[in-house]
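S.K.: Dropping the structure in here first, questions after.
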Amino acid sequence: MEHENTFRVLLIDQDPDDAHFITHYLRKSQLQGVAESIDVTHTETLSEGEARLSGTEYDLVMVALGLPEYEDLETTRRIASQAPAVPIIVLAERSERDTAIQALQNGAQDYLLKDRIDIDQLLRSIRYAVTQKNHETEFAQRRNESAALNPVETLIREINTPLTDASTHKEVEQAICDCLTAESPYEFAAICSFSSEAGTFTPVTWAGCERDELDDAIEATEKLCEQDPLAMANRTQEVQFQNIPGELAAVSGETKTSDDQRKSVITVPLIFGSTVHGILTLFRGQSHSLSERERDAFGELGSIIGLWITAADRKEREQILTTLHHATRQLLHTETKSDVAELVVNTGRVILDLSHVAIFCIDETQNVLEPVAATPELAECAAENPSVGPDTTDSVVWDVFVSGDTALVEDLQTTDATFEMAQRTDAESGLFVPIGDRGVLVTLCGSVESFDTHTRKLVGMLAATTEAALKRIDHEMDLRERDQKLKDRNWKLTRLNWINKIIREIDQVLIQAASREEIEEAVCEKLNESGGFPFVWIGERDSISGSISPRAWVNNGSDYLDQVSFDIDDSSEPAVQTLTSGTMTVIPNVADNLREEPWRQKALTNGYQSVISIPLVYEDVRYGILTVYANQQSAFDELVREVLEELGCTVAYAINGIQRRRGTMSDEVTEIKLKIHESDSVLNRIARKANASVEFEAVIPQPGNKTRVLFSVATDSIEEILSVADEFISIESITHVRQTGEKQLFEATTTGSVVAQPLINYGTYPQEITADQSTIHAVIELPQFADVREVVELLENNYGKTELISRRDRERSRKTNREFITTFEEQLTERQYEVLRTAYESGFFEEPREITGQEVADLIGISQSTFNHHLRGAERKLFVSLFGDR
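So for the sequence shown, the numbering used here puts the first residue at -5; every next one is plus one.
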């Protein structure tokens, strides 16, 4: 403070007595060595005092506590803020002493208690306040001067503050650049990395400028300086300084003002140990020299930054390894490829700090790569470009997968190898890493500099981890598939054993059954007793009512039979469907179409969930419908269907056998005469060719849906009959057997059956069958228990309209077994009977033979030729008795 004649004091106190007292003392006093007189200006309010301070310079402010406008400490802060260079003395009552002491921390230099003020104390306090304020001002000036002279030393002292919140390498670099450019003299600040492969420096972090402006400045530095300071700092690992001659605008070709010209550059290697983390580059707008102290300070700054970067790298590496370890542990519990891909993509975003990550996996069925998981932007693109494969032109993803080599694409927009998903993003570069033979890991970013050596290693580690996880899943899937196949086999074996047990029990019943009714009831009971089928029934068509009439059922299902219509024309019940189509009907889920088919509601009410209906058919003869209901959905799998379908054939065969046995044993028969109109059977075709009637003689079934039939025709043109085989595909061959009187006997081999075959299968006995050019006349003998309507329907289903001409009951004209044996024995000579009985008893007719003809002849004492002569004679007499004389 300059020495003046008058020392100006601003007194702010609302108590006029205290103000008058202090003013009186001051005006009568002198501040020796400071001023000759003291001038006091008194105001009662703070607002008046602030107005005075804004218009007049004062050497001291004395302010009393307790002013009405503001709290006591706020009063002190406002005065110190408005007049930072003016000392302040606080006037307080004894009760306000603590507040007065706190005011010393808010801008005041001293305080006085009003009840203890005297002239000496007042002057001493003024001198102390002035001196204290001068010391504070001097200290602040020195601090500011030191900061202005060496901002680097200031940054070194305060560097911990901005770096405390930085947790990654990039955040540390950005915090340094921001701090250096927050105030002059450094306008640009950048940290550049050196690429040994390209031999160039690339900015990775910067502040105070745009990237293009920074690139121009670096390019100008390289061209205008005798020695490139970036290269020198990197090579010598020491601080470098250069004043830049000329204007940077000359390099870029742009017009710049003098304010835009960068006059000097400082490059600082960021070193820790033997590792150079980059080059800190500072541009300033004026030329200057760099003292040794500044150079050492920059060197120290570079070491500190290198230490922080190293610590951040280690911390970041630990976090990455922790994340990788955690992800690896999570991958052990993933169950699908999509789960693995999602986890890897999310992990890649965290540890790589890349905005775009995707995983493509090979679809071995289509031989294409499908995007399984991706970050949001790439996922949207994947929806439009879902797959890549051999037909995708110049696909970098497919090329990497096929070659197995990692690819770094610096410019995705101009490269020949395309990646269409990148076109919708801001990514410029991409790193594509093969995941073994399972896919490709795709990572994209804004610049190729982001894919440094460390990042590439991390991407490689992530790809290797992904491959291991996918291999594990494939292995576990193989194991699960094997386990499932084993379970399926065991289940099928258990189910097969269960089904076979049922079938064996039914087969035992079929063998012992003496009637059709016994067979039908036993089948229903055994299937019901198995535990899987709560209701089973067998029905047949009632030609009078036009519906299905039940023949046998288990008792617990009789209500269902009463509730449901089985009318052939109106109902869609499975039994009706099977009767109509002649094929098996399966309903896996009764609840389907519940409202459309009434029978389903009744079935569900009774607890039936699935149904199967099987036709009982043997050799084209229908014996009814077997319908089985289960209490669970899809109970009739392929195995059960096959077994039940085979059971239907077995039951039909058993019924057929019983009916044929009953027909053989019956003494009373029904003889019917039938006429088949507009027939086109094999016999009709031969009759048209011969222009004569054809009489059926016998039929011999053959394997493979073939039939050998013997027929006779009254004709002299044998060749004409033989030629019929060449005209019809259904006739394989015709052979002339012999002539019997005026008729010729032929044998024909045909595909399918002739009229006699289904009649014989049904248990009837064709007596006469004569075919002319378009009709067939037949006389048939059938047991009295047989249904004539069924016989007529059988022929109509196979050969067309059938008319019943007549019907009569009579006794069967046949011999008893004893009569047949007696008659046959009477026809044999003694030697023939001896030869036949000895050969039979000795096992000559067994297969294989137990004795030869010579050995039998030796037993009788005759030659083998004599044995053969008598044996053939006996056999001929037996065949004549069976089939009649030729």
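Where a beta carbon is used, it is the ideal one built from N, C-alpha and C, also for glycine.
Compare the C-alpha of F266 against each of D210, S285, V427 and E232 and name the closest.
M.R.: With distances taken between Cα atoms, F266 lies closest to E232.
S.K.: How would you label H350, buried or exposed, when you count the other beta carbons within 10 angstroms and need 16 or more for buried?
M.R.: Buried is the call here.
S.K.: For A74 and L54, I'd like the C-alpha separation in whole angstroms.
M.R.: Using only the alpha carbons, I get a separation of about 11 Å.
S.K.: For A102, name the three-state secondary structure that DSSP assigns.
M.R.: Residue state, collapsed to three classes: coil.
S.K.: Please report the straight-line C-alpha distance between L402 and S423, rounded to a whole angstrom.
M.R.: Near 8 Å, if we compare the C-alpha coordinates of S423 and L402.
S.K.: Could you please give the first and the last residue of the uninterrupted alpha helix (DSSP H) stretch that includes E849?
M.R.: Its alpha helix (DSSP H) spans residues G847 to I854.
S.K.: What's the gap between the Cα of T701 and the Cα of V637?
M.R.: Going from the Cα of T701 to the Cα of V637 covers about 28 Å.
S.K.: Whole-angstrom Cβ separation of S903 and T574, contact assumed at under 8 Å?
M.R.: Not covered by the structure: residue 903. The range shown for the chain is -5 to 880.
S.K.: Need the endpoints of the beta strand (DSSP E) that P365 sits in, please.
M.R.: P365 -> beta strand (DSSP E) spans V362 to A368.
S.K.: Just to confirm, are D109 and R88 a CB contact at a threshold of 8 Å?
M.R.: Yes, the pair counts as a contact, with Cβ atoms nearer than the cut-off.
S.K.: Identify every run of the alpha helix (DSSP H) within the region 188 to 235, keeping only runs that are complete inside it and at least 4 residues long; order them along the chain.
M.R.: The region 188 to 235 contains these whole alpha helix (DSSP H) runs: 205 to 218 and 223 to 230.
S.K.: Per DSSP, which residues does Y612 bridge with? Please list them.
M.R.: Per DSSP, V615.
S.K.: On a Cα-Cα basis, can you pick out the residue from V270, I299, E30 and T447 that is closest to E191?
M.R.: Selected option, being the one with the closest Cα: T447.
S.K.: What are the partner residues of T274, as DSSP defines its beta bridges?
M.R.: It is worth fixing the name first, because residue 274 is Leu in this sequence and not Thr. Partner(s): I185 and V262.
S.K.: Look up L143 in the DSSP assignment and say whether it is helix, strand or coil.
M.R.: For L143, the predicted structure reports a pLDDT of 49, less than 50, and the residue's modelled location is therefore unreliable. A value from the coordinates is still provided. L143 falls in the helix class under three-state DSSP.
S.K.: Once you ignore the five residues that flank S800 on each side, which residues in its own chain have a CB closer than 6 Å to its CB?
M.R.: So the qualifying residues of the chain are K667.
S.K.: So, are the CB atoms of T131 and A58 less than 8 Å apart?
M.R.: Against a cut-off of 8 Å, the Cβ pair of A58 and T131 comes out as no contact.
S.K.: Can you tell me whether DSSP reads D803 as helix, strand or coil?
M.R.: Note: D803 maps to strand in three-state DSSP.
S.K.: Just to confirm my understanding: we take I845, look at its own chain, exclude 5 residues before and 5 after, and list those with CB closer than 6 Å. What are they?
M.R.: Hits under 6 Å: S836, G837 and F838.
S.K.: Kindly indicate which three-state DSSP category Q733 falls into: helix, strand or coil?
M.R.: Correct three-state label for Q733: strand.
S.K.: Straight-line CA distance for D803 to V874?
M.R.: Distance between the alpha carbons of D803 and V874: 29 Å.
S.K.: Could you tell me whether the Cβ atoms of T317 and V334 are closer together than 8 Å?
M.R.: No, the pair does not count as a contact, with Cβ atoms beyond the cut-off.
S.K.: Between L677 and D766, what straight-line distance do the alpha-carbon atoms span, to the nearest angstrom?
M.R.: Spanning the two alpha carbons is a distance of roughly 8 Å.
S.K.: Could you check where the beta strand (DSSP E) with I303 kicks off and where it finishes?
M.R.: Looking at the DSSP string, I303 is not in any beta strand (DSSP E); the run it does join, the alpha helix (DSSP H), is E286 to L325.
S.K.: Flag this pair as yes or no: are the beta carbons of G43 and I6 separated by less than 8 Å?
M.R.: In this structure, I6 lies closer than 8 Å to G43 by Cβ.
S.K.: Count the other CB atoms, across all protein chains shown, that sit within 10 Å of the CB of L242; report buried if there are 16 or more and exposed otherwise.
M.R.: Here L242 scores only 44 on pLDDT, less than 50, and its place in the model should not be relied on; the value that follows carries that caveat. So L242 ends up on the buried side.
S.K.: Which residues does DSSP pair with C355 in a beta bridge?
M.R.: Paired residues: E364 and G433.
S.K.: For the structure I just gave you, are there three or more beta carbon pairs, one from the region 276 to 289 and one from the region 172 to 186, closer than 8 Å?
M.R.: They touch, by the three-pair rule.
S.K.: Is the beta carbon of S258 less than 8 Å from the beta carbon of I238?
M.R.: For S258 and I238, yes; Cβs fall inside 8 Å.
S.K.: On a CA-only basis, which of L348, Q848 and L830 is nearest E869? Give me that one, please.
M.R.: The option with the nearest alpha carbon to E869 is L830.
S.K.: Out of curiosity, what's the CA-to-CA distance linking D33 and Y105?
M.R.: When rounded, the distance between both Cα atoms is 20 Å.
S.K.: Going by DSSP, what residue range makes up the beta strand (DSSP E) through D536?
M.R.: Unbroken beta strand (DSSP E) run through D536: F529 to D536.
S.K.: Classify D553 as helix, strand or coil using the three-state DSSP reduction.
M.R.: DSSP places D553 in helix when its eight states are reduced to three.
S.K.: Could you have a look at Y52 and say whether DSSP puts it in helix, strand or coil?
M.R.: Coil, per DSSP.
S.K.: Put S252 into one of helix, strand or coil per three-state DSSP.
M.R.: Because S252 sits at a pLDDT of 38, beneath the cut-off of 50, its placement in the model cannot be relied upon, and the following sentence gives the value as read from the coordinates. In the structure shown, S252 sits in a helix (DSSP, three-state: H, G or I).
S.K.: When you compare the CB positions of A457 and V427, do they come within less than 8 Å of one another, or not?
M.R.: For A457 and V427, yes; Cβs fall inside 8 Å.
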